[in-house]
Amino acid sequence: MRTMASVDAPTVSPSRPVEPASKTSTVKEPAADSESLIKTFNIYRWNPDEPTSKPRMQSYTLDLNKTGPMMLDALIRIKNEVDPTLTFRRSCREGICGSCAMNIDGVNNTLACLCRIPRDAKHETKIYPLPHTYVVKDIVPDLTQFYKQYKSIKPYLQHTDPAPNGKEYLQSKEERKKLDGLYECILCACCSTSCPSYWWNSEEYLGPAILLQSYRWLADSRDQKKEERKAALDNSMSLYRCHTILNCSRTCPKGLNPGLAIAEIKKEMAF
């Protein structure tokens with residue numbers, strides 16, 4: 001049984017004190033007379049092994065002077081030193097893999113490893129899974145449909161002719177430059193899960209991340225299946241559910257512009 005991510009859940013107090021010395025932070029321990037900077041993190045919790053239990057928010061407190069500067073530092077410290085049952089995805093910690101995508105404060109989808117912790121101790125930070133996704137556990141979203149859609153666009157070079165002389169397919173500098181702002185996408189799903197059109201039509205609408213990836217192959221001079229790619233998008237749902245709300249471009253943690261890529265696809269489809 002899975003549950004959908006929700007932001008309306010009661011806050012639950014932690015079951016034990018939360019002030020151990022950090023073994024995961026690279027921040028030096030403050031001097032004995034330094035003031036503590038205690039901050040509260042309210043984190044979405046749901047356990048599939050307890051299917052009758054409703055999702056809830058659980059509170060944890062950390063001393064920011066003993067914690068790394070990023071949201072992921074706080075999550076790792078909570079899991080390692082406070083509550084080992086807390087579940088989330090993470091891998092590279094460098095904004096490359098896209099694993100730690102989540103929603104911060106109900107406003108912004110981002111990567112926890114790139115999101116700085118606000119130093120205002122009075123502000124309680126809320127952490128949720130990506131919105132409108134099924135939840136595997138806690139802040140781990142189920143991205144099965146997202147990856148299925150990615151597979152559907154055939155995200156690889158397609159050719160009818162062999163490479164000349166058995167060598168690689170060449171591009172001019174101008175042709176290569178057209179891929180800038182496209183190939184950098186790390187499939188974190190921050191943009192797609194910020195899109196209202198995708199929330200309500202995710203079974204059919206491909207969403208901004210997959211459409212940006214689709215345009216990456218349409219724009220590649222080496223690909224020889226452009227007409228087939230466009231034909232696959234030529235229906236009322238796959239592409240045209242985009243209403244240029246542009247949440248996708250505002251939230252992308254890599255600074256990409258999926259809205260522009262979608263507009264370029266629409267231009268190609270029109271001519």
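Heads up: the sequence shown at position 45 corresponds to 45 in the UniProt record's numbering, and the numbers run straight through without jumps.
Glycine residues also receive a C-beta, built at the ideal position from the N, C-alpha and C atoms.
Could you have a look at residue i and say whether DSSP puts it in helix, strand or coil?
i	result
residue 93	coil
residue 25	Per-residue confidence for residue 25 stands at a pLDDT of 48, beneath the threshold of 50, marking its modelled position as unreliable; no derived number is given.
residue 59	strand
residue 101	strand
residue 185	coil
residue 237	coil
Considering only their Cβ atoms, is the gap separating residue j from residue i smaller than 8 Å?
i	j	result
residue 109	residue 86	no
residue 218	residue 265	yes
residue 149	residue 210	yes
residue 223	residue 158	yes
residue 196	residue 245	yes
residue 281	residue 204	Since the first residue shown for the chain is 1 and the last is 271, residue 281 is missing from the structure and cannot be characterised.
Note down the Cα distance separating residue i from residue j, rounded to an integer number of angstroms.
i	j	result
residue 72	residue 78	10 Å
residue 46	residue 75	16 Å
residue 179	residue 39	42 Å
residue 95	residue 117	16 Å
residue 61	residue 67	11 Å
residue 192	residue 53	28 Å
Figure out for me which residue from the options has the closest Cα to the Cα of residue i.
i	options	result
residue 132	190, 235, 175 and 257	190
residue 214	203, 181, 160 and 200	181
residue 123	59, 200 and 35	59
residue 212	183, 231 and 204	183
Let me confirm a value: residue i is counted as buried when at least 16 other C-beta atoms fall within 10 Å, else exposed. Which label applies?
i	result
residue 253	buried
residue 101	buried
residue 44	buried
residue 194	buried
residue 138	buried
residue 119	exposed
residue 42	buried
residue 70	buried
residue 216	buried
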